[in-house]
């Protein structure tokens with residue numbers, strides 16, 4: 026966490042363009058208190074334009090108070106100078122971001138919607154995985170075990186009596202027979218895996234889908250795979266869920282998970298809702314994500330609208346790779362499923378790569394990416410600290426600690442209170 030966020034209470038940080046806002050910067054500890062006899066000056070600098078304007082300020086019980094009306098959507102840095110005689114020295118810098126109303130009226134919700142538990146090939150129970158995600162700063166997640174929808178319901182059930190703002194949604198990774206494409210059902214009201222287990226009905230319905238397809242360039246086997254995937258995406262939509270086309274450039278069996286003719290047909294027809302731009306690739310296999318990013322760029326250059334997500338595809342939260350490496354930051358009014366879904370579909374979401382020890386990488390619409398980088402520096406560390414305590418108590422409560430379950434009630438709404446404090 027940046028030192029100024031440790032040592033000062035700075036609020037608000039997110040400002041509406043064109044409206045006057047009063048901002049207060051309150052030193053929290055003795056070593057950063059202002060000298061009552063000192064001489065200070067504020068200067069405001071915008072990132073987008075080469076301006077450096079002096080700002081009138083007052084002191085209120087040791088806090089800096091000033092008003093500001095942002096003229097444009099951008100990041101601003103407020104620099105506090107202290108005078109030592111005639112010499113002006115920078116004491117501290119504080120950052121703010123002004124946004125138009127469409128972004129101002131949303132909040133950034135951190136989520137992962139492709140991950141596994143020990144109910145398929147992961148290492149930990151659904152309940153444990155859920156609590157660890159909250160501890161890592163997530164606002165929502167969906168457990169998506171291979172072939173199985175029930176483990177996600179198990180996670181929901183395990184947390185239902187814990188008083189928390191963490192949202193746990195149903196999900197599954199869908200694998201129809203003889204289809205190598207991986208599909209995610211996020212938030213659907215029923216299992217698509219269960220449907221294709223009725224093989225006779227499944228084959229008849231895929232026959233009908235196949236009859237509607239063009240793509241004369243595909244082989245009969247490729248057409249069948251494409252029809253199967255379209256069937257899956259249609260069923261997820263019928264369930265009210267959000268469908269993902271997953272990691273086509275994962276190398277398995279010495280070849281990509283999905284053949285190029287099928288990848289091309291899926292991007293041409295766009296039967297899926299969102300593309301898994303960042304997925305569960307380790308440092309040794311990172312080029313899979315790089316290829317997905319490049320392909321997304323090429324397809325968008327053709328004029329296509331392609332919503333994206335970042336997901337970990339993690340198979341364990343302890344002593345393993347991938348957990349909290351990749352995620353989605355969704356800009357919606359609430360973390361309710363319908364709000365999240367609408368925001369992702371409208372491309373108000375970014376895919377984030379945050380591998381420990383490396384610089385974060387964010388992908389999505391340029392305007393939102395700029396704002397998201399600011400949030401990763403200035404807001405999410407504060408947000409994650411609030412979630413960490415709640416997640417720790419959730420783990421203890423799941424282990425049978427009744428005091429922890431009672432204490433959870435005290436942590437509820439802490440993220441909301443933080444966001445209310447940081448948004449003007």
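Residue numbers (the numbering used here): 26 to 449.
Ideal Cβ positions, reconstructed from N, Cα and C, are used throughout, including at glycine.
A quick note: this is a predicted structure, and the numbers were derived from the prediction, not measured.
Of all the options 193, 289 and 401, which has the alpha carbon lying nearest to the alpha carbon of residue 376?
Taking the chain shown and counting its residues from 1, one reaches residue 376 at position 351. The shortest C-alpha separation from residue 376 is found at 401.
Among 244, 382, 256 and 240, nearest to residue 228 - alpha-carbon criterion:
To locate residue 228, count along the chain shown from 1; it is residue 203. Just measuring C-alpha positions, the residue of 244, 382, 256 and 240 sitting nearest residue 228 is 256.
C-alpha gap between residue 108 and residue 95, whole angstroms:
Here the question's residue 108 lines up with position 83 in the chain shown. Here the question's residue 95 lines up with position 70 in the chain shown. Rounded to whole angstroms, residue 108 to residue 95 spans 27 Å at the Cα level.
Within the continuous beta strand (DSSP E) that includes residue 166, where are the two ends?
Here residue 166 refers to the residue found at position 141 of the chain shown. Looking at the DSSP string, the run of the beta strand (DSSP E) that includes residue 166 is 165 to 167.
Could you tell me which uninterrupted alpha helix (DSSP H) segments, each at least 4 residues in length, are contained entirely in the region 66 to 141, listed from first to last along the chain?
126 to 129
For residue 448, the three-state DSSP class (helix, strand or coil)
Counting from 1 along the chain shown, the entry for residue 448 is found at position 423. Note: residue 448 maps to strand in three-state DSSP.
C-beta contact flag for residue 196 and residue 220 at 8 Å:
As a first step, residue 196 must be located in the chain shown, where it is residue number 171. As a first step, residue 220 must be located in the chain shown, where it is residue number 195. In this structure, residue 220 does not lie closer than 8 Å to residue 196 by Cβ.
Tell me whether residue 353 sits in a helix, a strand or coil according to DSSP, three-state version.
The residue labelled residue 353 in the question sits at position 328 within the chain shown. Of the three classes helix, strand and coil, the one that applies to residue 353 here is strand, per DSSP.
Alpha carbon to alpha carbon, what distance is there between residue 74 and residue 154?
On the chain shown, position 129 is the one that residue 154 refers to. On the chain shown, position 49 is the one that residue 74 refers to. Spanning the two alpha carbons is a distance of roughly 45 Å.
Within 10 angstroms of its Cβ, does residue 280 collect 16 or more other Cβ (buried), or is it exposed?
On the chain shown, position 255 is the one that residue 280 refers to. Around the beta carbon of residue 280, fewer than 16 other beta carbons sit within 10 angstroms, so the residue counts as exposed.
Just to confirm before moving on: does the CB-CB distance between residue 340 and residue 271 stay below 8 Å?
The sequence position of residue 340 within the chain shown is 315, counting from 1. The sequence position of residue 271 within the chain shown is 246, counting from 1. Against a cut-off of 8 Å, the Cβ pair of residue 271 and residue 340 comes out as no contact.
Using 8 Å as the threshold, is the C-beta distance between residue 30 and residue 447 below it?
Numbered from 1 along the chain shown, position 5 holds the residue referred to as residue 30. Numbered from 1 along the chain shown, position 422 holds the residue referred to as residue 447. No.
Please list the terminal residues of the continuous alpha helix (DSSP H) segment that includes residue 218.
As a first step, residue 218 is located in the chain shown; it is residue number 193 there, counting from the start. It spans 217 to 221 - the alpha helix (DSSP H) in which residue 218 sits, taken as one unbroken run.
By DSSP's criteria, residue 407 is part of a beta bridge. Which residues make up the other side?
Indexing the chain shown from 1 puts residue 407 at position 382. Note: residue 407 sits in no beta bridge, so no partner.
Straight-line gap, residue 352 to residue 333 (C-alpha atoms, nearest Å):
Position 327 of the chain shown, counted from the first residue, corresponds to residue 352. Position 308 of the chain shown, counted from the first residue, corresponds to residue 333. Straight-line Cα distance between these residues: approximately 11 Å.
With distances taken between CB atoms, is the gap from residue 191 to residue 266 smaller than 8 Å?
Stepping through the chain shown from its first residue, residue 191 is reached at position 166. Stepping through the chain shown from its first residue, residue 266 is reached at position 241. For residue 191 and residue 266, no; Cβs fall outside 8 Å.
Quick one: residues in its chain with C-beta nearer than 6 Å to the C-beta of residue 264, no 5 flanking neighbours on either side, listed in chain order?
On the chain shown, position 239 is the one that residue 264 refers to. The answer, listed in chain order, is 213, 214 and 215.
C-beta atoms of residue 141 and residue 170 nearer than 8 Å
Here the question's residue 141 lines up with position 116 in the chain shown. Here the question's residue 170 lines up with position 145 in the chain shown. Taking C-beta atoms as the reference points, residue 141 and residue 170 count as a pair closer than 8 Å.
Assigned secondary structure, residue 317 (DSSP; H/G/I helix, E/B strand, else coil):
As a first step, residue 317 must be located in the chain shown, where it is residue number 292. Collapsing the DSSP output to three states places residue 317 in a helix.
Beta-carbon gap between residue 120 and residue 149 smaller than 8 Å:
Here residue 120 refers to the residue found at position 95 when the chain shown is read from its first residue. Here residue 149 refers to the residue found at position 124 when the chain shown is read from its first residue. For residue 120 and residue 149, no; Cβs fall outside 8 Å.
Once you ignore the five residues that flank residue 189 on each side, which residues in its own chain have a CB closer than 8 Å to its CB?
Your numbering for residue 189 matches position 164 in the chain shown. Cβ neighbours of residue 189 beyond the five flanking positions: 159, 415, 419, 433, 436 and 437.
Exposed unless 16 or more other CB atoms sit within 10 angstroms - verdict on residue 344
One-based indexing of the chain shown puts residue 344 at position 319. In the assembly as shown, residue 344 is an exposed residue. Its beta-carbon has fewer than 16 other beta-carbons within 10 Å.
Name the two residues that bound the continuous beta strand (DSSP E) containing residue 35.
As a working mapping, residue 35 is identified with position 10 in the chain shown. 33 to 36 is the extent of the beta strand (DSSP E) around residue 35.
Since I believe residue 234 is in contact with residue 218 (beta carbons under 8 Å), could you give me their beta-carbon distance rounded to a whole number of angstroms?
Translated into positions along the chain shown, residue 218 becomes position 193. Translated into positions along the chain shown, residue 234 becomes position 209. So it is not a contact: roughly 17 Å between Cβ atoms.
Thinking just about the alpha-carbon of each residue, which of 28, 86, 139 and 76 is nearest to the one in residue 176?
In the chain shown, counting from the first residue as 1, residue 176 sits at position 151. For the residues 28, 86, 139 and 76, the minimum Cα distance to residue 176 belongs to 139.
Measure the alpha-carbon distance for residue 118 versus residue 70 and round it to whole angstroms.
In the chain shown, the residue the question calls residue 118 occupies position 93. In the chain shown, the residue the question calls residue 70 occupies position 45. Distance between the alpha carbons of residue 118 and residue 70: 10 Å.
For residue 356, which residues in the same chain have their Cβ closer than 7 Å to its Cβ, ignoring the five residues on either side in sequence?
Within the chain shown, the letter at position 331 stands for residue 356. Correct list, in chain order: 128, 131, 133, 368, 373, 374 and 393.
Going by DSSP, name the residue or residues bridged to residue 210.
To locate residue 210, count along the chain shown from 1; it is residue 185. Looking at the DSSP assignment, residue 210 forms a beta bridge with 197 and 268.
Kindly indicate the opening and closing residues of the alpha helix (DSSP H) around residue 300.
For the purposes of this step, residue 300 is taken as residue 275 along the chain shown, with counting starting at 1. Note, residue 300: premise wrong, no alpha helix (DSSP H); beta strand (DSSP E) at 299 to 303.
Please report the distance separating the alpha-carbon of residue 287 from that of residue 253.
Sequence index remark: in the chain shown, residue 287 carries index 262 (1-based). Sequence index remark: in the chain shown, residue 253 carries index 228 (1-based). Cα to Cα, the separation comes out at about 11 Å.
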